[in-house]
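Visitor: In terms of my numbering, the sequence shown opens at residue 72 and continues consecutively.
All C-beta atoms, glycine included, are put in the ideal place defined by N, C-alpha and C.
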Amino acid sequence: MKNKIYLLVSLVLFTTYSFAQSLLETGGTKMPAVWIDKDTHHKIIRLTPREGNSASFYFHNNPFILGRPGEGDRMVFYGNDSYKADGIGMQLFTVNLKTLEITQLTDKLKRKSGEIVGHKNHKVYYQINDSVFSTNADTRKTTLEFVFPADFKGEITTLNADETLLGGAWASDKEKDISRKFPQKSDFFKKIYEAKEPRTLFTINLKTKELTKVFSDSAWLNHVQFSPTDPKLLMFCHEGPWHKVDRIWTINIDTKEVKLVHKRTMDMEIAGHEWFSPDGKTIWFDLQQPRGETFFVAGTDLQTGKETKYQFGRDQWSVHYTISPDQKLFAGDGGNPGSVAKAKDGQWINLFTPDGNRFKFERLVNMKHHNYHLEPNVHFSPDQKWIIFRANFEGFESVYAVEIVKEK
Numbered sequence: 072m073k074n075k076i077y078l079l080v081s082l083v084l085f086t087t088y089s090f091a092q093s094l095l096e097t098g099g100t101k102m103p104a105v106w107i108d109k110d111t112h113h114k115i116i117r118l119t120p121r122e123g124n125s126a127s128f129y130f131h132n133n134p135f136i137l138g139r140p141g142e143g144d145r146m147v148f149y150g151n152d153s154y155k156a157d158g159i160g161m162q163l164f165t166v167n168l169k170t171l172e173i174t175q176l177t178d179k180l181k182r183k184s185g186e187i188v189g190h191k192n193h194k195v196y197y198q199i200n201d202s203v204f205s206t207n208a209d210t211r212k213t214t215l216e217f218v219f220p221a222d223f224k225g226e227i228t229t230l231n232a233d234e235t236l237l238g239g240a241w242a243s244d245k246e247k248d249i250s251r252k253f254p255q256k257s258d259f260f261k262k263i264y265e266a267k268e269p270r271t272l273f274t275i276n277l278k279t280k281e282l283t284k285v286f287s288d289s290a291w292l293n294h295v296q297f298s299p300t301d302p303k304l305l306m307f308c309h310e311g312p313w314h315k316v317d318r319i320w321t322i323n324i325d326t327k328e329v330k331l332v333h334k335r336t337m338d339m340e341i342a343g344h345e346w347f348s349p350d351g352k353t354i355w356f357d358l359q360q361p362r363g364e365t366f367f368v369a370g371t372d373l374q375t376g377k378e379t380k381y382q383f384g385r386d387q388w389s390v391h392y393t394i395s396p397d398q399k400l401f402a403g404d405g406g407n408p409g410s411v412a413k414a415k416d417g418q419w420i421n422l423f424t425p426d427g428n429r430f431k432f433e434r435l436v437n438m439k440h441h442n443y444h445l446e447p448n449v450h451f452s453p454d455q456k457w458i459i460f461r462a463n464f465e466g467f468e469s470v471y472a473v474e475i476v477k478e479k
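1) Using beta-carbon positions only, say whether TRP106 and LEU118 come within less than 8 Å of one another.
2) Sort VAL166, LYS315, THR371, PHE460 by Cα distance to VAL436 and report the nearest one.
3) Taking its Cβ as the centre, do 16 or more other Cβ atoms sit within 10 Å of HIS333, making it buried, or is it exposed?
4) Under three-state DSSP, which class holds GLU443?
5) Which one of ALA472, GLU465, PHE259 has the shortest CA to CA distance from TRP457?
6) ASP301 to LEU163, Cα distance in whole Å?
7) CB TRP320 to CB LEU331, shorter than 8 Å?
8) Give me the Cα-Cα distance between PRO453 and PRO396, rounded to the nearest whole angstrom.
9) With burial defined as no fewer than 16 other Cβ atoms inside 10 Å of the residue's Cβ, what is the status of SER257: buried or exposed?
10) Pairs of beta-carbons, one from the segment 227 to 238 and one from the segment 248 to 255, closer than 8 Å: are there three or more?
11) Just the Cα atoms here: how many angstroms apart are GLU234 and THR375?
12) Tell me whether ILE116, by its Cβ, gets closer than 7 Å to a heavy atom of the ligand PLP.
13) Nearest to GLN335 by CA position, among LYS431, SER243, PHE356, THR97, is which residue?
14) What are the residues that DSSP puts in a beta bridge with PRO425?
15) Determine, using beta carbons only, whether GLU433 and ASN421 come nearer to each other than 8 Å.
16) So is ARG145 buried or exposed if we call it buried at 16+ other beta carbons inside 10 Å?
17) Threshold first: 3 residues or longer. Then list the beta strand (DSSP E) segments lying entirely within the segment 199 to 278, N to C.
18) Could you check what DSSP says for LYS477 in three-state terms: helix, strand or coil?
19) Just to confirm before moving on: does the CB-CB distance between PHE297 and LYS327 stay below 8 Å?
20) Is there a C-beta anywhere in chain B that falls below 8 Å from the one on ASP258?
21) So PHE130 packs on HIS391, CB below 8 Å; how close in whole Å?
22) I need the boundaries of the beta strand (DSSP E) containing ILE324, first residue and last residue.
23) What does the Cβ neighbour count give for PHE307, buried or exposed, with the cut at 16 atoms within 10 Å?
24) So who's on the other strand from ALA469, going by DSSP bridges?
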């Protein structure tokens, strides 16, 4: 019944979306299904037209399942049936980016973690307590994939390029206890970094169900991501205060060769929020030399080690960035005045175009009514016509898309 209701709502919205839209201030009140941002003149649609909160994926987790010609691509997202912030009732859904049809994939009322989509097998992987499940986005069949042993309770975060291995990190009980006692990031972040507890990177073979411990260190290993093209290359970071860590690393899971991707060169330099380019050849990241003063998006070529840097102004700094599928454009989700850039006018979704060693920018969405405790986490749509983000500027959390080409 729910799926029929979502389909009806989606078709109504899709029809609305075909007609002229109003020029409106974005947020601060309930918005229509489709509108034109009065400050940028770009069209915005709500992608998740359903009751309750909806949440798109973290910026480096690709949420898309490509459709056959004429069918429309799908995006996987989380949602619940209320406007409460807790994650207990969050379920997995897909939305068809062509028709806006929404399909619910899961129904277990238990807290889920993991945001992993198999782009070839169309399975969505997630974890409930010590158990790893997959749900097929086509058939909605759910499979128990793995149960962690009692002495190694890890957390999955990534799937390799040939979709044979899940990857993630294990944390000690002492570290987990710090997280439980100090749930706010402002409290636990420094404490976990200073604890220097052991962490271990691991893989799970989806065919044999074998768990393999790949690498251990007395450091906070985090942001674990497989390359989108090399099934043996795993990226991870040394988490903690960014000005104190050389953060970005890779490891070949076969040879165990570990490489530092970017070495800090000055006091208070920071580099982080790293992600792979779509072709797997470059790792991109937020670079500040030094922190809070000069801003770049930088990328390291994994073959040559050569770095490319694009500079921009303080007001264009973003919490997260992303790159388009054809690797010609970038986007950022902005930041509030309390963020590291201390921007006075930084609350915008921005489109960036490389121009020499700098970014030219265009503002797409005014985010002044958005509370940045929820990170927008931008994604380019597979057809590169839209930038998708999450926001709370209507008073609840939902997922939106802004059209890159401006309305005439």
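Guide: So, to answer that:
1) Position 35 of the sequence shown, counting from 1, holds the residue named residue 106. Position 47 of the sequence shown, counting from 1, holds the residue named residue 118. Not closer than 8 Å, so no.
2) By 1-based counting over the sequence shown, the position of residue 436 is 365. For the residues VAL166, LYS315, THR371, PHE460, the minimum Cα distance to VAL436 belongs to PHE460.
3) Numbered from 1 along the sequence shown, position 262 holds the residue referred to as residue 333. Flag for HIS333 reads buried.
4) As a working note, residue 443 is residue 372 in the sequence shown. Checking the displayed sequence, the identity of residue 443 turns out to be Tyr instead of Glu. DSSP places TYR443 in the coil class of the three-state scheme, outside both helix and strand.
5) Taking the sequence shown and counting its residues from 1, the one referred to as residue 457 is at position 386. When only C-alpha atoms are compared, the closest one is ALA472.
6) Along the sequence shown, one-based indexing puts residue 301 at 230. Along the sequence shown, one-based indexing puts residue 163 at 92. Cα to Cα, the separation comes out at about 27 Å.
7) The residue given as residue 320 occupies position 249 in the sequence shown. The residue given as residue 331 occupies position 260 in the sequence shown. Yes, the Cβ-Cβ distance between TRP320 and LEU331 is below 8 Å.
8) As a working note, residue 453 is residue 382 in the sequence shown. As a working note, residue 396 is residue 325 in the sequence shown. Rounded to whole angstroms, PRO453 and PRO396 show a C-alpha spacing of 7 Å.
9) Against the sequence shown, residue 257 aligns to sequence position 186. With fewer than 16 other Cβ atoms within 10 Å, it is exposed.
10) Touching, no.
11) The residue given as residue 234 occupies position 163 in the sequence shown. The residue given as residue 375 occupies position 304 in the sequence shown. Approximately 27 Å between the Cα atoms of the pair.
12) By its list of ligands, the structure shown contains no ligand whatsoever, and the ligand PLP lies outside what it can speak to.
13) As a position in the sequence shown, residue 335 is number 264, starting the count at 1. Looking at the sequence shown, residue 335 is not Gln but Arg. ARG335 has its Cα closest to that of PHE356, out of LYS431, SER243, PHE356, THR97.
14) Numbered from its first residue, the sequence shown carries residue 425 at position 354. PRO425 pairs with PHE430.
15) On the sequence shown, position 362 is the one that residue 433 refers to. On the sequence shown, position 350 is the one that residue 421 refers to. Cβ distance < 8 Å, so GLU433 and ASN421 count as in contact.
16) By 1-based counting over the sequence shown, the position of residue 145 is 74. So ARG145 counts as buried.
17) Annotation note: the segment 199 to 278 contains the following uninterrupted beta strand (DSSP E) runs of length 3 or greater, listed N- to C-terminal: 202 to 207, 213 to 218, 225 to 230, 236 to 242, 270 to 276.
18) To locate residue 477, count along the sequence shown from 1; it is residue 406. In the three-state reduction of the DSSP assignment, LYS477 falls in the coil class.
19) As a first step, residue 297 must be located in the sequence shown, where it is residue number 226. As a first step, residue 327 must be located in the sequence shown, where it is residue number 256. No, the Cβ-Cβ distance between PHE297 and LYS327 is not below 8 Å.
20) The structure shown contains no chain B; it is built from a single protein chain.
21) Here residue 130 corresponds to residue number 59 of the sequence shown, with the count starting at 1. Here residue 391 corresponds to residue number 320 of the sequence shown, with the count starting at 1. The beta-carbon separation of PHE130 and HIS391, rounded to 4 Å, stays under the 8 Å limit for a contact.
22) Start at 1 with the first residue of the sequence shown, and residue 324 comes out as number 253. Annotation: ILE324 is outside any beta strand (DSSP E) and is labelled neither H nor E by DSSP.
23) Along the sequence shown, one-based indexing puts residue 307 at 236. When all chains shown are included, PHE307 counts as buried.
24) Within the sequence shown, numbered from 1, the residue matching residue 469 stands at position 398. Looking at the sequence itself, residue 469 is Ser, so the reference to Ala does not match. BP columns for SER469 point to ALA462.
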